[in-house]
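*Asks:*
Protein chains: 2
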Amino acid sequence: MPADMEEEGSLASKAAGRIRNMLIEGYFGPGEKLSEVQVAGLLGISRNTLREVFRILASQGLLTQVPNRGAFVAAPDEAAVIDIYRTRRVIQRGAVHAATLGHPALARMRALVVEAEDMRRAGNWQAVGTLNMDFHRAMVEFCDSARLSACFDLVMAELRLVFGQLADTGHLHEPYVELNAALYKLLLEGRTAEALSLLDHYLIQSERSVLAALHRRRAEPPVRTEPGASRTNRR
Amino acid sequence: MPADMEEEGSLASKAAGRIRNMLIEGYFGPGEKLSEVQVAGLLGISRNTLREVFRILASQGLLTQVPNRGAFVAAPDEAAVIDIYRTRRVIQRGAVHAATLGHPALARMRALVVEAEDMRRAGNWQAVGTLNMDFHRAMVEFCDSARLSACFDLVMAELRLVFGQLADTGHLHEPYVELNAALYKLLLEGRTAEALSLLDHYLIQSERSVLAALHRRRAEPPVRTEPGASRTNRR
DNA sequence: TCAATATAGATTGTTGAACAATATCTTTCT
DNA sequence: AGAAAGATATTGTTCAACAATCTATATTGA
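Line by line, the protein sequences are chains A and G. The first sequence begins at 2 in my numbering and counts up by one. The second sequence begins at 2 in my numbering and counts up by one.
1) Residues bridged to Gln-66 of chain G by DSSP?
2) Taking only beta-carbon positions, decide if Gly-103 of chain A is within less than 9 Å of chain G.
3) Would you tell me roughly how many angstroms separate the C-alpha atoms of Arg-121 of chain A and Thr-170 of chain A, rounded to the nearest one?
4) By the three-class DSSP mapping on this structure, what secondary structure does Glu-190 of chain G have?
5) By DSSP, does Leu-35 of chain G sit in helix, in strand, or in coil?
6) In whole angstroms, what separates the C-alpha of Asp-201 of chain A from that of Gly-30 of chain G?
7) Buried or exposed: where does Ile-57 of chain A fall if 16 or more other Cβ atoms within 10 Å of its Cβ makes it buried?
8) Please report the distance separating the alpha-carbon of Val-38 of chain A from that of Ile-205 of chain G.
9) What residues in the segment 33 to 62 of chain G bring their beta carbon closer than 8 Å to a beta carbon of chain A?
10) Please tell me whether Ser-198 of chain A has its Cβ less than 9 Å away from any Cβ of chain G.
11) Between G:Arg-111, G:Leu-199, G:Glu-79 and G:Ser-146, which lies nearest to Ala-214 of chain G when the distance is taken from Cα to Cα?
12) At which residues does the alpha helix (DSSP H) containing Ile-57 of chain A begin and terminate?
13) Are the CB atoms of Val-97 of chain G and Ala-182 of chain G within a distance shorter than 9 Å?
14) Is it a yes or a no for the segment 75 to 92 of chain G touching the segment 88 to 103 of chain A, going by three-plus beta-carbon pairs under 8 Å?
15) Label His-172 of chain A either buried or exposed according to how many other C-beta atoms from any shown protein chain fall within 10 Å of its C-beta, with 16 as the threshold for buried.
16) Taking just the CA atoms, how far does Met-157 of chain G sit from Met-134 of chain G?
17) Output the residue ranges of the alpha helix (DSSP H) runs that lie fully inside the segment 114 to 202 of chain G and measure 4 residues or longer, sorted by chain position.
18) Strictly below 7 Å CB to CB, what residues from chain A border Thr-88 of chain G?
19) When the Cα atoms are used, what is the spatial distance from Asn-22 of chain G to Asp-119 of chain G?
20) Let me see if you follow: with CB-CB separation under 9 Å, is Ile-85 of chain A close to chain G or not?
21) Checking 9 Å against the spacing of the C-beta atoms, do Gly-27 of chain G and Gly-165 of chain G come in under that value?
22) Determine the DSSP secondary structure at Ala-96 of chain G, reduced to helix, strand or coil.
23) If you compare alpha carbons, which of G:Leu-35, G:Ile-85, G:Gln-66 and G:Val-54 is closest to Glu-159 of chain G?
24) Against chain A, does Val-115 of chain G count as a neighbour if the rule is that its beta carbon must be under 9 Å from one of theirs?
25) How about Arg-52 of chain A and Glu-53 of chain G: are their beta carbons less than 9 Å apart?
26) Any idea what DSSP makes of Tyr-28 of chain A, helix, strand or coil?
27) Using only the alpha-carbon positions, how far apart do Leu-257 of chain G and Ala-41 of chain A sit?
28) Comparing the C-beta of Ile-25 of chain G with each C-beta of chain A, is any distance below 9 Å?
29) Applying a beta-carbon distance threshold of less than 8 Å, which residues of chain G neighbour Arg-209 of chain A?
30) Taking C-beta pairs closer than 7 Å, name the residues in chain G that Ile-20 of chain A reaches, listed in chain order.
31) Could you run through the segment 63 to 80 of chain A and flag, in chain order, every residue whose CB is less than 7 Å away from some CB of chain G?
32) Is the beta carbon of Gly-10 of chain G closer than 9 Å to that of Pro-68 of chain A?
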């Protein structure tokens, strides 16, 4: 559990990274408004610099900017999740089709499967979730396209945002360790059709559980203005 | 040919739109450095606001930001074009698979085909190019995913950037009017397999011609520093 | 002459303060 | 209570300044 954090790049880049982590970890509530002065103070950067950061995060879909109203934490709803999984289906089916035996992504996937199994044994669900994401990210690399991978990363970041906003981020990924292992094996053996079928199975099941968890969340938050919550205090 | 330009949103958004157009129209050279003070003066906005704009355009892939060196016009090379077409293949194949008869995208495609034929007759290649893009963009809407469409838009914007940087932006799209028409007809008739095959044909041919044109460009520019050209003067 | 180095100049990175425009909250009036 | 009016806070944008970094020029040494 190294908290790493490599010091590099402009202050804005670093700040963007920090906020991104906070978002993913659910530090802010879904739809919460991010006040410029508050967050600037929190990160110890100027308001101008923070605005650049907001622009970055907004174009990554993690923040929603409303003119004259400010920046709000993205609050993916049911429709968003469905949209995300539609995107995943297209991209990952493409990945399965592009899969070849010699591709380095295969080795990566294998390593990730093994590690995920370890983490599951250790009960480290946090890590299992991350490894699951990495597994699928590695899979997309079969396509050998930086842009497609970037697009996938974007969508997955949004999905992580959803996870961060859920209460029981725990064993949400647990069932997929085996599925991933099976998927890997099928790809290794070049059984494309079966891999496709299993992928579909995975996506459907995963989508369902996320939607269900989302519904469970919907019940909690009591008051909220419109695109975002108003609750100001937080520390 | 209305030059439209709707006045809306923040100054930064408008400015981003303006620069984006300039980039696509080839106003700036590939790899050219965009000086903050210069461009800020050109657009009549402050340097701080411009920085936000740069961050937006950079995350859209139209600009490349190098720390402490500034922002440069993206200069997609051969590898980038190949990457772009790989992305297109995955997404657009997905679109063909998702195509259904009742989908509104079909009507859009039909309208665009007709209009493109008109423009071709009129010799308006500029419009033919735009309509060709729109046709394929409409096609992606079969997937019914805003995120996937956004991803596609990003890639297509980069492709337009390449076109803008080419000398003979003319009849580059001319051959595809008929291809698109045929593709539309196949989709209309629900002949998925054939549509897929034709799509592949289109993508291969288009990719080839773009790469060829890129090579032709490569011959011209004489000097250049590293990630971008250095030629400062421009008006 | 050529290359390494020092020096001066320009550009980016970042900040703080200021003000207009807009939104949000509070009070008042009917 | 609901609407209108005013007060307050927040965003949008600019400006001026300065540190950090890069770039080009001049200088020096072999």
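Idealized CB from N, CA, C, for every residue including glycine.
*Replies:* On the basis of the data shown:
1) Position 65 of the second sequence holds residue 66 of chain G. Bridge partners of Gln-66 of chain G: G:Ala-72.
2) On the first sequence, residue 103 of chain A is found 102 positions in, with the first residue counted as 1. No, no contact with chain G.
3) For the purposes of this step, residue 121 of chain A is taken as residue 120 along the first sequence, with counting starting at 1. For the purposes of this step, residue 170 of chain A is taken as residue 169 along the first sequence, with counting starting at 1. Using only the alpha carbons, I get a separation of about 14 Å.
4) In the second sequence, residue 190 of chain G corresponds to position 189, counting from 1. Of the three classes helix, strand and coil, the one that applies to Glu-190 of chain G here is coil, per DSSP.
5) For the purposes of this step, residue 35 of chain G is identified with residue 34 of the second sequence, where counting begins at 1. Looking at Leu-35 of chain G - three-state DSSP - the assignment turns out to be strand.
6) In the first sequence, the residue the question calls residue 201 of chain A occupies position 200. In the second sequence, the residue the question calls residue 30 of chain G occupies position 29. About 45 Å.
7) One-based indexing of the first sequence puts residue 57 of chain A at position 56. Flag for Ile-57 of chain A reads buried.
8) Here residue 38 of chain A refers to the residue found at position 37 of the first sequence. Here residue 205 of chain G refers to the residue found at position 204 of the second sequence. In a straight line, the C-alpha of Val-38 of chain A is about 51 Å away from that of Ile-205 of chain G.
9) Asn-49, Arg-52, Glu-53, Arg-56, Ile-57, Ser-60, Gln-61 and Gly-62
10) Start at 1 with the first residue of the first sequence, and residue 198 of chain A comes out as number 197. No, Ser-198 of chain A does not count as interfacial toward chain G.
11) Sequence index remark: in the second sequence, residue 214 of chain G carries index 213 (1-based). With distances taken between Cα atoms, Ala-214 of chain G lies closest to G:Glu-79.
12) The count along the first sequence starts at 1 and reaches residue 57 of chain A at position 56. That run of the alpha helix (DSSP H) goes 48 to 60.
13) Along the second sequence, read from residue 1 onward, the residue named residue 182 of chain G stands at position 181. Along the second sequence, read from residue 1 onward, the residue named residue 97 of chain G stands at position 96. Not closer than 9 Å, so no.
14) yes
15) Residue numbering aside, residue 172 of chain A sits at position 171 when the first sequence is read from its first letter. That one is exposed.
16) Residue mapping note: residue 134 of chain G aligns to position 133 of the second sequence, counting from 1. Residue mapping note: residue 157 of chain G aligns to position 156 of the second sequence, counting from 1. Met-134 of chain G and Met-157 of chain G: Cα-Cα distance of roughly 7 Å.
17) 126 to 141, 147 to 166 and 177 to 189
18) Translated into positions along the second sequence, residue 88 of chain G becomes position 87. Under the 7 Å cutoff, chain A gives Ser-146, Arg-148 and Leu-149.
19) Within the second sequence, residue 22 of chain G is the residue found at index 21, counting from 1. Within the second sequence, residue 119 of chain G is the residue found at index 118, counting from 1. C-alpha separation (whole angstroms): 24 Å.
20) To locate residue 85 of chain A, count along the first sequence from 1; it is residue 84. Interface residue, yes.
21) Looking up residue 27 of chain G in the second sequence gives position 26. Looking up residue 165 of chain G in the second sequence gives position 164. Contact: yes.
22) Taking the first residue of the second sequence as position 1, residue 96 of chain G is located at position 95. Helix at Ala-96 of chain G.
23) As a first step, residue 159 of chain G is located in the second sequence; it is residue number 158 there, counting from the start. For the residues G:Leu-35, G:Ile-85, G:Gln-66 and G:Val-54, the minimum Cα distance to Glu-159 of chain G belongs to G:Ile-85.
24) Your numbering for residue 115 of chain G matches position 114 in the second sequence. No, Val-115 of chain G lies away from the interface with chain A (no Cβ there is under 9 Å from its Cβ).
25) Taking the first residue of the first sequence as position 1, residue 52 of chain A is located at position 51. Taking the first residue of the second sequence as position 1, residue 53 of chain G is located at position 52. In this structure, Glu-53 of chain G lies closer than 9 Å to Arg-52 of chain A by Cβ.
26) Sequence index remark: in the first sequence, residue 28 of chain A carries index 27 (1-based). In the structure shown, Tyr-28 of chain A sits in coil (DSSP, three-state: anything other than H, G, I, E or B).
27) Only positions 2 to 236 of chain G appear in the structure, and residue 257 of chain G is not among them; the question remains open.
28) The residue given as residue 25 of chain G occupies position 24 in the second sequence. So, not an interface residue.
29) Walking along the first sequence from the start, residue 209 of chain A turns up at place 208. Ordered by position in chain G, no residue passes the 8 Å Cβ test against Arg-209 of chain A, which lies about 18 Å from the chain.
30) Along the first sequence, read from residue 1 onward, the residue named residue 20 of chain A stands at position 19. What Ile-20 of chain A touches in chain G: nothing, since even the nearest Cβ is about 14 Å away.
31) Pro-68
32) Along the first sequence, read from residue 1 onward, the residue named residue 68 of chain A stands at position 67. Along the second sequence, read from residue 1 onward, the residue named residue 10 of chain G stands at position 9. Going by C-beta atoms, Pro-68 of chain A is nearer than 9 Å to Gly-10 of chain G.
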